[in-house]
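Remarks on the structure that follows.
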Amino acid sequence: MEKWMLIDGNSIAYRAFFAMPPLTNSAGQHTNAIFGFTTMLLKLLEQEQPTHVLVAFDAGKITFRHKGYTEYKGGRQKTPPELSEQFPVLKELLQAFSISQFELSGYEADDIIGTLTRRADEKGVQAVVVTGDKDMLQLASDNVTIAVTRKGVSEVDLYSPAAIQEKYGLVPQQIIDLKGLMGDTSDNIPGVPGVGEKTALKLLHEHGTVESVLDNLDKLKGKLKENIETHKDSAIMSKKLATIFREVPIEEETERIRYAGYDAAQLAEAFRKLEFKSLIDRLELGPDADQMEEAAQASAAELNIRVIESAADEEFLIELLKSLEQPDTNGLYIEAVGENPHHAELIGLAVATGEAVYALPYAVLQQPFAGKLREWLEHPDKPKYGFDLHKTELALAWSGIGLGGAAFDVQLAAYLLDPTDSSQTLSSINEKHGQPTLPSDDAVYGKGAKFKLPDAQTLYRHLALKAEAVRRLVPLLMEELNRTDMSKLYFELEQPLSRILAGMEHLGIKVEKAELEALGSDLERQLTTIVSDIYKHAGTEFNIGSPKQLGEILFEKLGLPAKKKTKTGYSTDADVLEELAPYHEIIPSILHYRQLAKLQSTYVEGLLKEVREETGKIHTYYRQTIAATGRLSSQFPNLQNIPIRLEEGRKIRKAFLPSEPGWYILAADYSQIELRVLAHISGDENLKEAFIHDMDIHTKTAMDVFGVSAEQVDSNMRRQAKAVNFGIVYGISDFGLSQNLGINRAEAGKFINQYLEVFKGVRQFMDDIKNDARRDGYVTTLLGRRRYLNDIKASNFNIRSFAERTAMNTPIQGTAADIIKLAMVHMDTALRERGLKSRMLLQVHDELVFEVPEEELELMKQLVPDVMAGALKLDVPLRADVSYGLNWYEAK
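Note that my numbering gives residue 620 to position 615 of the sequence shown, counting from 1, and the numbers run on in steps of one.
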């Protein structure tokens, strides 16, 4: 039996955008609307099991309705670019789903769906319409059910004619009469002033249609009669505007929209591009195990694999060591299972020499007869060509084995060559460079709870294939680095930094558990007091952590104005509560309660769990190959996001101490590094003047934009200037700035334009960098880090606009990231050359943290900011502010 599913694409995407939290992939592309749309689509496909699927989109802003009423939808604000850029990508994803999509100039998605539901009625076919717009209720029939989204897009309400009758007391066709009387602000349909839903329903229950209401004006009284009489033409026109046109000239679509399911490989590739890993896992779109096994066997058959399992195989070990004396490139692969290298399980290793591949279990490496191989691993002058040597070095260090002589890291090189590919697995790098297929780790080991080591033969083969892949990839990637002028960036910055990071991570930072526990107790006391205040304001006790109970207290008991509804009741998210803050004193208490509760659970209790018992320290892990801008990402735990805006959050840093008695924590933080980079790159004289004369940049910006003196700049002016300064750096739109400042988009757009009128060098830089990107296909940082922009010449405006914003902000953010990395490399050199005991512990965005003995304190107070300021020569001075104390809190 046929079942059609017809989806209002614009409506669902729009709802998903505002329902989902901001999401971007590693390329900086916004994906929240696409992700929300996709999760809803998957759920409906599973629930409805349709035989035919179509997603209809609006085609442009002008429709036939504008001919009769030019203000139709005129009240709508321009679609945020953060949403607009997602539509073309969403349409590509639908192609990967093998789902039909349709749009037609002059008509809306409603009209396309309306036409198809008419055909469904004529054929007696069941259809479900998925939309966020209740205008569609007019299409409901014995064959057609309308699914209207609620709670964002995760849930829907189903409307049949019976359900519409129960809710409104109307038949579906009367929905257009309802809109005719009450209007629709979202579509700028005027209706009759003063007539809301309640009044409109009462009129329709008595008279049936708009026309009948107008025919019976004599039965109405007072202001209502006057309003309807005055605006009767508006009522008739509004009804007409609300009527879905069901005669769109489209061909018979039945066969075209037939849905036979998706191609797993095609959809998996689309999800990978969007970085929807959770959806890949959910749909089990990984590679087919049988196919991978066949490919692995075929590749392994070409290798001469020699297994070293005991001292009886020592001849192979001698053979390997002899081969490693040759200058040819080797391929080293050490398997450390587990994402966190501090707790990774070392399984085995393999070394490819070209003539053979030698594989051995990790336990064998620790046996006496393998001592020479351990010496080779640790020797700084014996080159190692490997994959993710940073993680490898760290995992080895915890087992007491060093790794020296890192000559080339395939993963790190691949990241530089394509920083927007966040996966950077050996399998994907291999495939991208046309090498033989490698089985994925999931295929060999299983994933999650299904993880287990395979039989020995399979394990050795897997390690051997990886080692050989490394050996083959090394010359290919070296050649690409040379061709793209990134060899210097790799060998002088990224590779040395990898070794420095591993050393910092293994060293760790001391944490005083008693201090964290004391802070936790203090937070508990504060939370108890706040809870008591909340109960007092509410007049009753309830579960503050329950959105349902909190909603009932706020909106029913206290009568506060409800902003949004969810499946279980009222929305009590942060945006809603912040809007409600002026209405009742309970709201600030609830917001404060949530902040403290998160500090307690995520940071106090969370950090306590991360203290390693044998060291008394926290050992984070810096991912070097994640962010497309070149920034480092801290994990296990993330020490870059400890909240410091709240004093209680800052106090968490009191628990971070020097590891030696009598030592100090010293912190040095770059001042306005991204804006200084912008001043240099753009050459803007106003920006350069501010930094050369050490002025407050936000005050200077406010002075120039508002045309006032420094004394006339008030706190609000400076706040707005600060928002636009950083907005320019991060490619913010008028929509984004309006959200940050709580102003409308027109004001935000005007402010951005004023800024660019004053800082003409910045405007020129923006124009020039977009032209450069169109010419070259990429942009670079000052150190030559590339970011490719494949969509910079896209015909679609929204896709092209996103690429242009990326072109503008990448040189700024990327250069700032390069500078702090360069400072770390120079600082490491300075410490070693001077024979200092001081140690670099952490990098937190633009800040470096050290532990320093008292006798080196005065030297380090001068040395650190000098090295950071001299990391890269710019047209404006770099400045690092230094502070110190007995703990990290005092050092800030």
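Backbone N, C-alpha and C define an ideal beta-carbon position, used for all residues, glycine too.
Environment of residue i [buried if 16+ CB atoms lie within 10 Å]
i, result
"Lys2", "The structure shown does not extend to residue 2, since the chain is modelled only from 6 through 897, so no value can be given for it."
"Val215", "buried"
"Val713", "exposed"
"Tyr588", "exposed"
"Gln867", "exposed"
"Phe69", "Because the pLDDT at Phe69 is just 43, under 50, the model does not fix this residue reliably, and the value given afterwards should be weighed accordingly. Phe69 should be labelled exposed."
"Lys389", "buried"
"Ile797", "buried"
"Ser239", "buried"
"Glu320", "exposed"
"Phe456", "exposed"
"Gln717", "exposed"
"Glu859", "exposed"
"Gly79", "Because Gly79 sits at a pLDDT of 42, beneath the cut-off of 50, its placement in the model cannot be relied upon, and the point is left open."
"Phe696", "buried"
"Gly73", "Reliability fails at Gly73, whose pLDDT of 45 lies under 50, so the model's placement of it is uncertain and the value that follows must be treated cautiously. By the 10 Å Cβ count, Gly73 comes out exposed."
Same chain only: Cβ atoms within 7 Å of residue i, ignoring 5 sequence neighbours per side
i, result
"Leu99", "Val60, Gln106"
"Arg844", "Leu512, Phe855, Glu856"
"Val872", "Ala828, His831, Met832, Ala835"
"Asn730", "Leu680, Ile702, His703, Thr706"
"His210", "Gly174"
"Glu510", "Leu399, His624, Thr625, Tyr626, Tyr627"
"Asn148", "Ala125, Asp126, Gly129, Val130, Gln131, Ala132"
"Glu485", "Leu422"
"Gly119", "Leu144, Ile249, Phe250, Arg251"
"Ala715", "Thr704, Met708"
"Tyr338", "Leu354, Ala355, Gly391, Phe392, Leu468, Lys471, Ala472, Val475"
Per-residue DSSP class, three states only, for residue i
i, result
"Asp189", "strand"
"Val197", "coil"
"Thr150", "strand"
"Pro666", "coil"
"Arg792", "strand"
"Thr534", "helix"
"Arg263", "strand"
"Trp381", "helix"
"Trp9", "strand"
"Gln554", "helix"
"Arg251", "coil"
"Thr914", "The question about residue 914 has no answer here: the residues shown for the chain are numbered 6 through 897."
"Asp414", "strand"
"Val734", "helix"
Rounded Cβ spacing between residue i and residue j (contact assumed at less than 8 Å)
i, j, result
"Asp833", "Gly766", "Between Gly766 and Asp833 the Cβ distance is about 35 Å, and since that is not below 8 Å, they are no contact."
"Gln440", "Arg477", "6 Å"
"Ser888", "Lys897", "6 Å"
"Ser594", "Ile558", "No, Ser594 and Ile558 are not in contact; Cβ-Cβ is about 12 Å, not under 8 Å."
"Gly621", "Val475", "That belief does not hold up - the Cβ atoms of Gly621 and Val475 are roughly 37 Å apart, past 8 Å."
"Thr397", "Gly391", "6 Å"
"Ala247", "Lys184", "4 Å"
"Thr820", "Leu787", "5 Å"
"Leu612", "Pro642", "6 Å"
"Asp386", "Gly410", "6 Å"
Bridge-paired residues (DSSP) for residue i
i, result
"Met845", "Phe855"
"Val312", "Ala364"
"Gly336", "Ala357"
"Glu160", "Arg155"
"Lys139", "BP columns for Lys139 are empty, so no partner."
"Asp318", "In DSSP, Asp318 forms no bridge with anything."
"Ile514", "Ile623"
"Leu671", "Phe855, Tyr889"
"Glu350", "Val342"
"Leu59", "Leu11, Ser105"
Same chain, Cβ closer than 6 Å to residue i, neighbours up to 5 away in sequence not counted
i, result
"Glu87", "His35"
"Glu942", "Outside the modelled stretch of the chain, which goes from 6 to 897, sits residue 942, for which no answer is possible."
"Arg12", "A small correction: the amino acid at residue 12 is Ile; Arg does not occupy that position in the sequence shown. Closer than 6 Å at Cβ, skipping near neighbours: Val60, Val135."
"Ile434", "Ala419"
Cutoff 8 Å; reference residue i; Cβ partners in own chain excluding five residues on either side
i, result
"Phe62", "Gly14, Asn15, Phe92, Lys96, Gln106, Phe107, Glu108, Ala114"
"Ala874", "Pro882, Leu883, Arg884, Ala885"
Closer than 8 Å: residue i CB and nearest the ligand MG heavy atom
i, result
"Gly14", "This structure lacks the ligand MG, and indeed carries no ligand of any kind."
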